[in-house]
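**Q** Take this structure first; my questions come after.
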Amino acid sequence: MSQRRRVARAAFSATAATACLALATPAWASATIGLKSAHQGKKAGYFTQQCDDERFANLPDDHDGWHFVLPGKNSGSFETLTLTFSDGTNDVTVNIPDGSDAYPDFFYSTGGKDPRQIHAYLFTPAGWKLVDGSATISGTGDDFNVSHTCKGTVPKPTPTPTPTPTHTPSVSESPEPSESPSASESPEPSESPSASESPSASESPTPSDSASPTTSPSGGTGGGSDLPLTGVAVTGMALTGVALVGGGVALMTLRRRRDRITFTG
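Counting in this note's numbering, the final residue of the sequence shown is number 266, and the numbers go up one at a time with none missing.
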């Protein structure tokens, strides 16, 4: 009897162990699910905006904040996520978790007695499009989805103004034409003072001075071919003046003599 009891106990223990393994197997298995199809090919602005989420507190202004969630009671927890984004030119693959890339990410647990890691956060440059994604989970499920986002501001392309400095030097090099100072060097024509030097003409008083005998010597010593002619004219004028003076003196003398004559009646 004791031997039968031992066999029965052994059989019961084996059955219990097998049952435990059978129940535990789903918890150890992992499954791969995809991103909800309605959320593929969308930008952050498409989803519900919830920038007041405290886990977006450190989100830069030029980045989009993404919150992914794993629905379903039997889905277990997120183990890894692989997401594909488009930056407008190329596709970029981002893994969660991955501390080696330039895109901050982290998991967030529900807490409580049976905590589950069903929340995932990611920051990407603003304007990126979520193309597709997949997730490895500890349970079973159909897909995961975007819960909400916080749209960032796409920076304006500042490099465009850079070409302008390259052109400005060429314009500033126009000093050559602007060297119109050479035209302003017209002081040469403005040296009309030479015309105002017509004082030489205004020195015409010299002919009027020719009545004085002092100018006649200058005419004789000039040595020019025209000076002798002017000398003869001056001499004639001088003789005429002497004659007039002599006549005047004679008239004055006669008048005085006349005044001295006493007429008697």
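Where a beta carbon is used, it is the ideal one built from N, C-alpha and C, also for glycine.
Kindly indicate which three-state DSSP category residue 87 falls into: helix, strand or coil?
**A** Taking the sequence shown and counting its residues from 1, the one referred to as residue 87 is at position 86. If DSSP states are grouped into helix, strand and coil, residue 87 belongs with the strands.
**Q** So, using beta-carbon positions, are residue 136 and residue 71 closer together than 8 Å?
**A** The count along the sequence shown starts at 1 and reaches residue 136 at position 135. The count along the sequence shown starts at 1 and reaches residue 71 at position 70. Yes.
**Q** Once DSSP output is grouped into helix, strand and coil, what is the label at residue 46?
**A** Taking the first residue of the sequence shown as position 1, residue 46 is located at position 45. Looking at residue 46 - three-state DSSP - the assignment turns out to be helix.
**Q** Measure from the alpha carbon of residue 32 to the alpha carbon of each residue in 123, 50, 144, then state which is nearest.
**A** For the purposes of this step, residue 32 is taken as residue 31 along the sequence shown, with counting starting at 1. Of the listed residues, the one whose Cα sits closest to residue 32 is 144.
**Q** Provide the residue span of the beta strand (DSSP E) that contains residue 33, from first to last.
**A** Sequence index remark: in the sequence shown, residue 33 carries index 32 (1-based). Where residue 33 is concerned, the enclosing beta strand (DSSP E) stretches over 32 to 36.
**Q** Would you mind reading off the limits of the beta strand (DSSP E) that contains residue 135?
**A** Residue 135 sits at position 134 when you count from the first residue of the sequence shown. 130 to 138 is the extent of the beta strand (DSSP E) around residue 135.
**Q** Please report the straight-line C-alpha distance between residue 50 and residue 65, rounded to a whole angstrom.
**A** Numbered from 1 along the sequence shown, position 49 holds the residue referred to as residue 50. Numbered from 1 along the sequence shown, position 64 holds the residue referred to as residue 65. Whole-angstrom Cα-Cα distance: 11 Å.
**Q** Helix, strand or coil: which one does DSSP assign to residue 233?
**A** For the purposes of this step, residue 233 is identified with residue 232 of the sequence shown, where counting begins at 1. Any reading at residue 233 must be qualified, since the residue scores a pLDDT of 49, below 50, and its modelled position is unreliable; the value itself is stated next. If DSSP states are grouped into helix, strand and coil, residue 233 belongs with the helices.
**Q** Helix, strand or coil: how does DSSP classify residue 95 here?
**A** The count along the sequence shown starts at 1 and reaches residue 95 at position 94. In the structure shown, residue 95 sits in a strand (DSSP, three-state: E or B).
**Q** Assuming residue 127 and residue 154 are in contact, meaning their beta carbons sit under 8 Å apart, how far apart are those beta carbons, in whole angstroms?
**A** The residue labelled residue 127 in the question sits at position 126 within the sequence shown. The residue labelled residue 154 in the question sits at position 153 within the sequence shown. Contact flag correct, Cβ pair sits at about 6 Å.
**Q** Tell me the DSSP secondary structure of residue 252 in three-state form.
**A** Taking the sequence shown and counting its residues from 1, the one referred to as residue 252 is at position 251. Of the three classes helix, strand and coil, the one that applies to residue 252 here is helix, per DSSP.
**Q** Going by DSSP, which residues form a beta bridge with residue 66?
**A** By one-based count along the sequence shown, residue 66 stands at place 65. Per DSSP, 124, 151.
**Q** Inspect the beta-carbon positions of residue 76 and residue 134 and report whether they are closer than 8 Å.
**A** Here the question's residue 76 lines up with position 75 in the sequence shown. Here the question's residue 134 lines up with position 133 in the sequence shown. Contact flag unset, no.
**Q** Can you grab the Cα-Cα spacing for the pair residue 123 / residue 44, in whole Å?
**A** As a working note, residue 123 is residue 122 in the sequence shown. As a working note, residue 44 is residue 43 in the sequence shown. For residue 123 and residue 44, the distance between alpha carbons rounds to 14 Å.
**Q** Taking the straight line between their C-alpha atoms, what separation do you get for residue 57 and residue 39?
**A** Against the sequence shown, residue 57 aligns to sequence position 56. Against the sequence shown, residue 39 aligns to sequence position 38. Cα to Cα, residue 57 sits roughly 24 Å from residue 39.
**Q** For residue 67, I'd like the list of residues in its chain whose CB is within less than 6 Å of its CB, leaving aside the five on either flank, ordered along the chain.
**A** What you label residue 67 is simply residue 66 of the sequence shown in a count that begins at 1. So the qualifying residues of the chain are 123, 150.
**Q** What do you reckon, are the CB atoms on residue 86 and residue 132 nearer than 8 Å?
**A** Numbered from 1 along the sequence shown, position 85 holds the residue referred to as residue 86. Numbered from 1 along the sequence shown, position 131 holds the residue referred to as residue 132. Cβ distance < 8 Å, so residue 86 and residue 132 count as in contact.
**Q** Please name the residue, chosen from 130, 99, 116, that lies closest to residue 91 on a Cα-to-Cα basis.
**A** What you label residue 91 is simply residue 90 of the sequence shown in a count that begins at 1. Considering only alpha carbons, the answer is 130.
**Q** In angstroms, rounded to a whole number, what distance separates the CA positions of residue 54 and residue 159?
**A** By 1-based counting over the sequence shown, the position of residue 54 is 53. By 1-based counting over the sequence shown, the position of residue 159 is 158. Near 31 Å, if we compare the C-alpha coordinates of residue 159 and residue 54.
**Q** Quick one: what's got a C-beta closer than 6 Å to residue 41's C-beta in the same chain, skipping five residues either side?
**A** Against the sequence shown, residue 41 aligns to sequence position 40. Here the set comprises 133.
**Q** Tell me which residue opens and which closes the beta strand (DSSP E) that residue 109 is part of.
**A** Stepping through the sequence shown from its first residue, residue 109 is reached at position 108. Where residue 109 is concerned, the enclosing beta strand (DSSP E) stretches over 106 to 109.
**Q** Rounding to the nearest angstrom, what Cα-Cα distance links residue 156 and residue 60 in this structure?
**A** For this step, residue 156 is matched to residue 155 along the sequence shown. For this step, residue 60 is matched to residue 59 along the sequence shown. Roughly 15 Å between the two C-alpha positions.
**Q** For residue 81, which of helix, strand or coil comes out of DSSP?
**A** Translated into positions along the sequence shown, residue 81 becomes position 80. It is a strand residue.
**Q** What residues are listed by DSSP as bridge partners for residue 146?
**A** Translated into the one-based positions of the sequence shown, residue 146 becomes position 145. BP columns for residue 146 point to 70.
**Q** Per DSSP, what kind of secondary structure is residue 117 in: helix, strand or coil?
**A** If you number the sequence shown from 1, residue 117 lands on position 116. Residue state, collapsed to three classes: coil.
**Q** With DSSP collapsed to three states, give me the class of residue 218.
**A** Here residue 218 corresponds to residue number 217 of the sequence shown, with the count starting at 1. Any reading at residue 218 is ruled out, since the residue's pLDDT is 43, under 50, leaving its predicted position unreliable.
**Q** Label residue 147 either buried or exposed according to how many other C-beta atoms from any shown protein chain fall within 10 Å of its C-beta, with 16 as the threshold for buried.
**A** Taking the sequence shown and counting its residues from 1, one reaches residue 147 at position 146. Under this definition residue 147 is a buried residue.
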